[in-house]
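Before any comments, here is the structure.
In the numbering used here, the protein residues as written are 5 to 294.
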């Protein structure tokens, strides 16, 4: 017999019990699967670039540049460090070193469940918590970075220049702790980098000053030294050196996932489609044999 739309609909109506059973099977399985998934929470902070006022030397930029260029230092008054901060916070070296420093490897990579007392249980197939050992040997930096990159997000508003940093985890308490420490380490690293640069510049300029006999050049060098010393002072006393919090992270108990309703709906639709295709191929097989 030839297969047409009428035959197909007739077959579907005749096998409606089969369709319902298969669909219910998928739907029931999806409900069980969705309920087995752990809730996911996130901590998020909104940051602006800290306003750090540089000491401005009282000589022209042209006069200063000729001296500063010898030291490989810049006399620019630009403090736009936010793009650099965003790149650092997403970099492989910074993230891996940060996680190792705070010993967050197990929480980041092996967390599987949050207990009633808010403690974290670990996937025993990955991490032996009792002996504090990884089942398959030491965790590689590549795997660690890949995992943290999937849970850490940064976004910058081009209009306001504000940056939002978000971290997702099974524990809302750990998510906040992780983000607080991450921003602290970022500010501290950028401060230490700048202080090292300023110290190098001051050392060079002091040596230059001792050997300079022209009074006008000595005045320029002295002004540069004063500028870098003031930068050192500001950097040393600034708690939020680059990223200053507008909305600091907090313990957010509102879960962001998984979307259990969507999981059930999607699996139910898939189950219905599978059942319809199953009936259709049965009809097609019978038609070929007759």
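In this text, a Cβ means the ideal position worked out from N, Cα and C, and glycines have one as well.
Note to self: Please report the straight-line C-alpha distance between residue 236 and residue 194, rounded to a whole angstrom.
What the structure shows: 13 Å
Next item on the list: Have a look at 35, 23, 87, 132 and flag the residue whose alpha-carbon is nearest the alpha-carbon of residue 263.
Entry: 35
Note to self: Taking 7 Å as the limit between beta carbons, can you name the residues of its chain near residue 284, skipping five residues before and five after?
What the structure shows: 12
Next item on the list: Have a look at residue 117 and residue 261 and give me their C-alpha separation to the nearest angstrom.
Entry: 14 Å
Next item on the list: With DSSP as the reference, label residue 147 as helix, strand or coil.
Entry: helix
Check: Would you say the region 206 to 218 touches the region 161 to 178, given that touching needs at least three Cβ pairs under 8 Å?
Finding: no
Next item on the list: Leaving out five residues on either side along the sequence, give the residues of the same chain with a beta carbon under 6 Å from the beta carbon of residue 169.
Entry: 49, 158
Next item on the list: Quick one: measure Cβ to Cβ for residue 112 and residue 152, integer angstroms, because I've assumed they're closer than 8 Å.
Entry: 6 Å
Item checked: Close Cβ partners of residue 39 (< 8 Å) along its chain, the five nearest in sequence each way excluded -> 264
Check: What is the DSSP secondary structure of residue 107, counted as helix, strand or coil?
Finding: coil
Margin query: Measuring straight from C-alpha to C-alpha, what distance separates residue 203 and residue 119?
Written below: 49 Å
Notebook entry, point to check: Can the beta-carbon of residue 245 be found less than 7 Å from the beta-carbon of residue 167?
Noted result: no
Note to self: With a threshold of 8 Å on Cβ separation, who are the neighbours of residue 226 within its own chain once the five nearest residues in sequence on each side are excluded?
What the structure shows: 213
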